[in-house]
Amino acid sequence: MAFGLGKILKMFLVLLIGIGLSSCEYFSKENEEKFELDYSVDTSGIPNDTINFNDANISLVNGYYYLGYEKYSGIIYKKQVGFNISTYSSILDGVLHGLYTSYYDNGKPFEVRNYRNNLSVGKQIGYWEDSGELKFEYNYYEDKKEGVQRSWYANGAPSYVYNYKDDKQDGLQQAWRLNGSLYRNFQVKNGTRFGLQKTTTCYALEDEKII
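Residue numbers (numbering that gives the first Met the number 0): 0 to 210.
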């Protein structure tokens with residue numbers, strides 16, 4: 000009888016462990032779905048009308064764009080004096096909402112961003128003027144860095160690949176000098192860094208020698 004009872008208890012224990020593991024797995028999946036970030040931007044309420052920022056009826060007051068006395072919705076064109084950049088900003092109820100694009104004087108794209116309720120969300124992409132190649136590709140959520148952040152040199156070589164969570168470095172962080180030499184290669188976990196952290200970038204190397 001004792002042997003039979005022990006066997007039954009073992010079977011019951013195995014069953015409980017199985018149920019526990021299943022519950023943990025379900026809870027984990029449920030949390031993943033619960034905390035999945037929403038990057039969507041609804042621009043259906045934005046007219047296609049475009050107005051020049053220099054128009055006498057357009058004003059920027061306390062962070063809001065106005066057309067006359069009403070908060071503006073539409074596209075605002077602006078020439079960035081001193082930067083030779085032209086920008087087109089999607090505006091809803093006076094604030095940045097939707098696509099923001101900017102261009103060099105030669106017509107090539109400078110930056111592409113997305114906003115939601117005046118906060119940066121999704122990808123921010125920058126381009127080199129001469130080549131038109133990617134300069135950077137950042138990811139944001141509600142104005143905070145989130146996910147992979149990439150940058151390239153003008154020749155197309157990678158500059159860095161950083162990972163962020165809630166605007167803080169999290170996970171693998173890598174950076175390269177112009178000659179392709181890896182000078183940062185570390186992990187960040189709970190705010191602590193582990194690995195190679197040479198930060199000097201003001202010189203180039205050839206065969207690991209300063210030039």
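Glycine included, every Cβ here is placed at the ideal spot set by N, Cα and C.
Reference residue 74; option with closest CA among 44, 65, 87: In the sequence shown, residue 74 corresponds to position 75, counting from 1. The shortest Cα separation from residue 74 among 44, 65, 87 belongs to 87.
Residues in its own chain within less than 6 Å of residue 23 by CB, not counting five upstream and five downstream? The count along the sequence shown starts at 1 and reaches residue 23 at position 24. For residue 23, the predicted model reports a pLDDT of 34, less than 50, meaning its position is unreliable; a value from the coordinates is still stated below. The answer is none, since no qualifying residue turns up.
Using the rule of at least 16 other Cβ atoms within 10 Å of the residue's Cβ for burial, across every protein chain shown, is residue 154 buried or exposed? Taking the sequence shown and counting its residues from 1, one reaches residue 154 at position 155. Residue 154 is exposed by the Cβ-count criterion.
Does the Cβ of residue 193 have 16 or more other Cβ atoms within 10 Å, making it buried, or fewer, making it exposed? The residue you call residue 193 lines up with position 194 of the sequence shown. Exposed.
For residue 179, which of 142, 42, 156 has the nearest alpha-carbon? As a first step, residue 179 must be located in the sequence shown, where it is residue number 180. When only C-alpha atoms are compared, the closest one is 156.
First and last residue of the beta strand (DSSP E) that includes residue 149? Mapped onto the sequence shown, residue 149 falls at position 150. Secondary structure note for residue 149: its beta strand (DSSP E) is the uninterrupted segment 146-151.
Could you please give me the residues that DSSP links to residue 192 through a beta bridge? Looking up residue 192 in the sequence shown gives position 193. Its beta-bridge partners are 187.
Please classify residue 97: does DSSP put it in a helix, a strand, or coil? Here the question's residue 97 lines up with position 98 in the sequence shown. Of the three classes helix, strand and coil, the one that applies to residue 97 here is strand, per DSSP.
Find the nearest neighbour of residue 148 within the set 119, 177, 129, 168, judged by alpha-carbon distance. By 1-based counting over the sequence shown, the position of residue 148 is 149. Nearest of 119, 177, 129, 168 to residue 148, Cα basis: 168.
Under a three-way DSSP split, which group does residue 108 fall into? Residue mapping note: residue 108 aligns to position 109 of the sequence shown, counting from 1. In the structure shown, residue 108 sits in a strand (DSSP, three-state: E or B).
Determine the direct distance from the alpha carbon of residue 82 to that of residue 104, and round the result to whole angstroms. Position 105 of the sequence shown holds residue 104. Position 83 of the sequence shown holds residue 82. Whole-angstrom Cα-Cα distance: 9 Å.
Give a yes or no on whether the C-beta atoms belonging to residue 134 and residue 163 are separated by under 7 Å. Here residue 134 corresponds to residue number 135 of the sequence shown, with the count starting at 1. Here residue 163 corresponds to residue number 164 of the sequence shown, with the count starting at 1. No, they are not a contact pair.
Measuring only the C-alpha atoms, how far is residue 190 from residue 109? Position 191 of the sequence shown, counting from 1, holds the residue named residue 190. Position 110 of the sequence shown, counting from 1, holds the residue named residue 109. For residue 190 and residue 109, the distance between alpha carbons rounds to 33 Å.
Just reading off the beta strand (DSSP E) that residue 86 is part of, what are its end residues? Locating residue 86 in the sequence shown gives position 87, where the first residue counts as 1. Where residue 86 is concerned, the enclosing beta strand (DSSP E) stretches over 84-91.
For residue 60 and residue 66, the rounded distance between their alpha carbons: Working through the sequence shown from its first residue, we reach residue 66 at position 67. Working through the sequence shown from its first residue, we reach residue 60 at position 61. Straight-line Cα distance between these residues: approximately 11 Å.
Terminal residues of the continuous beta strand (DSSP E) containing residue 125? Here residue 125 is taken as the residue at index 126 of the sequence shown, counted from 1. From DSSP, the beta strand (DSSP E) with residue 125 extends over 121-126.
Under the three-state reduction of DSSP, which class applies to residue 170: helix, strand or coil? Taking the sequence shown and counting its residues from 1, the one referred to as residue 170 is at position 171. Here residue 170 sits in strand by DSSP.
Whole angstroms is fine: what's the gap from residue 158's alpha carbon to residue 68's? Counting from 1 along the sequence shown, the entry for residue 158 is found at position 159. Counting from 1 along the sequence shown, the entry for residue 68 is found at position 69. Cα to Cα, residue 158 sits roughly 46 Å from residue 68.
Within 10 angstroms of its Cβ, does residue 55 collect 16 or more other Cβ (buried), or is it exposed? Sequence index remark: in the sequence shown, residue 55 carries index 56 (1-based). That one is exposed.
Using DSSP bridges, identify the partner residues of residue 143. As a position in the sequence shown, residue 143 is number 144, starting the count at 1. Bridge partners of residue 143: 140.
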